[in-house]
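Below is one structure, written out as structure tokens; the observations come after it.
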Amino acid sequence: EYANGFLPELSNDFPIFRYADVLMMKAEAITRINGPNNQEAIDLVDLVRARAFGDNHTALTSLSLDDLLAERGREFFAEGYRRQDLIRFGKYNDSWWEKPASQPSKNIMPIPAPQLQANPNLDQNPGY
3 EYANGFLPEL
13 SNDFPIFRYA
23 DVLMMKAEAI
33 TRINGPNNQE
43 AIDLVDLVRA
53 RAFGDNHTAL
63 TSLSLDDLLA
73 ERGREFFAEG
83 YRRQDLIRFG
93 KYNDSWWEKP
103 ASQPSKNIMP
113 IPAPQLQANP
123 NLDQNPGY
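So in this note's numbering, the last spot in the sequence shown is 130, and the numbers never skip.
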């Protein structure tokens, strides 16, 4: 039984960022600041591609935000980044495969009912 119904304090809650993610974040920042086809950003993404594909990788000659999103999708497949990446790149509300287009209100999650009941100053996020 936990005190007050809460889980005990655990010391295993810490973020992990892979070096590839750091390189991709830097490439994205450079691309957003300086525009597409910046050689420094291209070189950073090529470092990640070379690690992933070794001698079989083809060096990039251009890099747009759409290219960068696609690279992030390949590199971080199944690591839980895709939703936040799609929102950040403005693509989450688009339709794809079996998903119809969605409203921008779906970019944020609903506030759970217990939190709304516990704090009358909270208002539910729009669209929920």
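Where is the CB? At the ideal position from N, CA and C, for every residue including glycine.
> Of all Cβ atoms in chain B, is any one closer than 7 Å to the Cβ of residue 82?
Replying inline: The chain labelled as chain B is not found in the depicted structure, where only one protein chain is given.
> What's the call for residue 11, buried or exposed, on a 16-neighbour Cβ count within 10 Å?
Replying inline: exposed
>> Closest to residue 105 by C-alpha separation, out of 111, 69, 30, 95, would be which residue?
In response: 95
> Anyone know if the C-beta pair for residue 32 and residue 42 falls short of 7 Å?
Replying inline: yes
> Near residue 101, which residues of its chain fall below 7 Å by C-beta distance, leaving aside the five closest residues on each side in sequence?
Replying inline: none
> Would you report the Cα separation of residue 78 and residue 70, rounded to the nearest angstrom?
Replying inline: 12 Å
> DSSP state of residue 28, grouped into three classes?
Replying inline: Per DSSP, reduced to three states, the secondary structure at residue 28 is helical.
> Got a sec? Which residues, its chain only, sit under 7 Å from residue 25 by beta carbon, not counting five neighbours each side?
Replying inline: 46, 49, 50
>> Using a Cβ-Cβ cutoff of less than 6 Å, which residues in the same chain neighbour residue 66 once the five nearest sequence positions on both sides are dropped?
In response: So the qualifying residues of the chain are 38.
> First and last residue of the alpha helix (DSSP H) that includes residue 74?
Replying inline: 67-77
> In whole angstroms, what separates the C-alpha of residue 73 from that of residue 113?
Replying inline: 32 Å
>> With distance defined between alpha-carbon atoms, name the residue in 22, 92, 127 nearest to residue 52.
In response: Ranked by Cα distance from residue 52, the options 22, 92, 127 are led by 22.
>> Do residue 107 and residue 92 have their beta-carbon atoms positioned less than 7 Å apart in this structure?
In response: No, they are not a contact pair.
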